[in-house]
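Participant: Please see the structure below; I have some questions.
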Amino acid sequence: MNQVKIQIPSLIENIRVIESFIDNSKEEFEFEDDIYGNIMVAVTESVNNAIRHGNKFDKDKNVYLTLQVDQNQLIFEVEDEGPGFDYENLPDPTAPENLENPGGRGIFLMRNLCDEVNFSEDGKKVQLIFNIAPSQNGSSN
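In terms of full-length UniProt numbering, the sequence shown has 137 at position 137, counting the first letter as 1, and numbering is strictly consecutive.
Given below as structure tokens:
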């Protein structure tokens with residue numbers, strides 16, 4: 001299993017660093033274009049939430065991103081240094097009373113773009129899992 005880690009200070013402009021990390025990972029681990037878009041949206045949304053809601057834009061707090069690659073899965077873990085949140089009781093962004101709200105769709109998006117989303121450490125850590133087909137050409141990275 002391959003693993004890559006980075007950490008960024010909680011500044012919204014560091015989303016660009018995350019986008020570059022995903023682009024570099026796509027090249028290095030050769031994951032398919034069809035899940036690349038889902039990964040880009042879900043992971044950047046998760047990091048954005050960590051910066052905005054978890055660390056409250058505190059540049060002295062970091063966001064940690066780990067990518068683990070195995071034969072059948074890409075596993076992204078995003079962790080912040082905030083207090084966590086109640087991920088079990090989030091308002092439904094598709095409910096009529098919430099449709100006009102400017103936020104509240106991030107976790108909904110992540111759950112719809114990923115094959116699996118797991119929260120731990122009181123919501124300070126989220127795991128985004130994407131299932132991938134084993135390499136067809138027999139090569140192992």
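Positions of the beta carbon are idealized from the N, C-alpha and C atoms, including for glycine.
In its own chain, which residues sit with a C-beta less than 6 Å from the C-beta of residue 87, not counting the 5 before and 5 after it?
Facilitator: Within the same chain, residue 87 has close Cβ partners 119, 123.
Participant: Closest by CA to residue 78, which one among 45, 69, 131?
Facilitator: 45
Participant: Look up residue 20 in the DSSP assignment and say whether it is helix, strand or coil.
Facilitator: helix
Participant: How far does the alpha helix (DSSP H) with residue 109 in it extend, from its first residue to its last?
Facilitator: 106–113
Participant: Contact between the region 16–30 and the region 88–101 is defined here as three or more beta-carbon pairs at a separation below 8 Å; is this criterion met?
Facilitator: no
Participant: Have a look at 61, 48, 70 and flag the residue whose alpha-carbon is nearest the alpha-carbon of residue 132.
Facilitator: 70
Participant: Should residue 80 be labelled buried (16 or more other beta-carbon atoms within 10 Å of its own) or exposed?
Facilitator: buried
Participant: Within 10 Å of its beta-carbon, does residue 136 have 16 or more other beta-carbons around it, so buried, or fewer, so exposed?
Facilitator: Bear in mind that the predicted position of residue 136 carries a pLDDT of just 46, short of 50, making it too unreliable to give a figure here.
Participant: Does the pairing of the region 54–62 with the region 1–16 give three or more beta-carbon distances under 8 Å?
Facilitator: yes
Participant: With distances taken Cα to Cα, identify the nearest neighbour of residue 85 among 33, 121, 5, 15.
Facilitator: 121
Participant: With DSSP run on the structure shown, which of helix, strand or coil describes residue 76?
Facilitator: strand
Participant: In or out: residue 82 buried (at least 16 other Cβ within 10 Å) or exposed?
Facilitator: buried
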